[in-house]
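*Asks:* Mind having a look at this structure? Questions to follow.
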Amino acid sequence: MNGQMCPSRLVLEHVTSRWGVLVLAVLLERPYRFSELRREVGGVSEKMLTQTLRTLERDGIVHREAKPVIPPRVDYSLTELGREAAEQVCALGRWTEHRLSAVQAAREAYDERSTHASQDPRGQSG
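Just add 1 to wherever you are in the sequence shown, counting from 1, and you've got the working numbering.
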């Protein structure tokens, strides 16, 4: 995974991308039509959602089912592989929500140290 050319790195990028994470989290609930999915994800352009879904479909994470009805209907759902990935991503999301205050405290401490260091004419803190 740490190797620059490691194939798993690309899959990790797809699953943890800005829109990939949100798509996986939403599809973990149930299958969605494109327009429903776009509303649920929120803030994603049609082009970016299409690109994200195609990438995840190619990776075997999302299943696309086109139904031969009028008007055309396309449903998106998670494959077994996708459900497994979504559960992992959602676990990371829950950890982030649970530990957000600790992260914010660390940021504030860092910013405080950085502010003091930039005010020291010798470039040293403390």
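Cβ coordinates follow ideal geometry from the N, Cα and C atoms, glycine included.
Just so we're clear, the structure is a prediction, and the values are computed from it rather than from any experiment.
Rounded to the nearest angstrom, how far is the Cβ of LEU23 from that of VAL16, given a contact under 8 Å?
*Replies:* What you label residue 23 is simply residue 22 of the sequence shown in a count that begins at 1. What you label residue 16 is simply residue 15 of the sequence shown in a count that begins at 1. So it is not a contact: roughly 11 Å between Cβ atoms.
*Asks:* Give, in chain order, every unbroken run of the beta strand (DSSP E) that is at least 3 residues long and sits entirely within the segment 28-71.
*Replies:* 63-68
*Asks:* So ARG74 packs on ARG34, CB below 8 Å; how close in whole Å?
*Replies:* Residue numbering aside, residue 74 sits at position 73 when the sequence shown is read from its first letter. Residue numbering aside, residue 34 sits at position 33 when the sequence shown is read from its first letter. Between ARG74 and ARG34 the beta-carbon gap is near 6 Å, inside 8 Å, which marks them as a contact.
*Asks:* Measuring straight from C-alpha to C-alpha, what distance separates ARG95 and ARG114?
*Replies:* Counted from its first residue, the sequence shown places residue 95 at position 94. Counted from its first residue, the sequence shown places residue 114 at position 113. Looking at the two C-alpha atoms, the distance is approximately 29 Å.
*Asks:* Roughly how many whole angstroms lie between the Cα atoms of ARG84 and ARG108?
*Replies:* For the purposes of this step, residue 84 is identified with residue 83 of the sequence shown, where counting begins at 1. For the purposes of this step, residue 108 is identified with residue 107 of the sequence shown, where counting begins at 1. Distance between the alpha carbons of ARG84 and ARG108: 33 Å.
*Asks:* Comparing C-alpha positions only, which one of SER36, LEU50, GLU30 and LEU11 sits nearest to TRP20?
*Replies:* On the sequence shown, residue 20 is found 19 positions in, with the first residue counted as 1. Out of SER36, LEU50, GLU30 and LEU11, LEU50 has the C-alpha closest to the C-alpha of TRP20.
*Asks:* Tell me, please, which residues DSSP counts as bridged to ARG74.
*Replies:* The sequence position of residue 74 within the sequence shown is 73, counting from 1. BP columns for ARG74 point to LYS68.
*Asks:* Considering only residues of the same chain and omitting the five flanking positions on each side of LEU28, which have a CB-CB separation below 8 Å?
*Replies:* For the purposes of this step, residue 28 is identified with residue 27 of the sequence shown, where counting begins at 1. The answer, listed in chain order, is LEU38, VAL63, TYR77, SER78, LEU79, GLY83 and ALA87.
*Asks:* Terminal residues of the continuous alpha helix (DSSP H) containing SER102?
*Replies:* Indexing the sequence shown from 1 puts residue 102 at position 101. First-last of the alpha helix (DSSP H) with SER102: 81-120.
*Asks:* Assign GLY127 to one of two classes, buried (16 or more other C-beta atoms within 10 Å of its C-beta) or exposed (fewer than that).
*Replies:* Along the sequence shown, one-based indexing puts residue 127 at 126. At GLY127, the pLDDT of 49 sits below 50, so the modelled position is not reliable; the number obtained from the coordinates is stated separately. GLY127 comes out exposed.
*Asks:* Tell me whether SER18 sits in a helix, a strand or coil according to DSSP, three-state version.
*Replies:* The residue labelled residue 18 in the question sits at position 17 within the sequence shown. Residue state, collapsed to three classes: coil.
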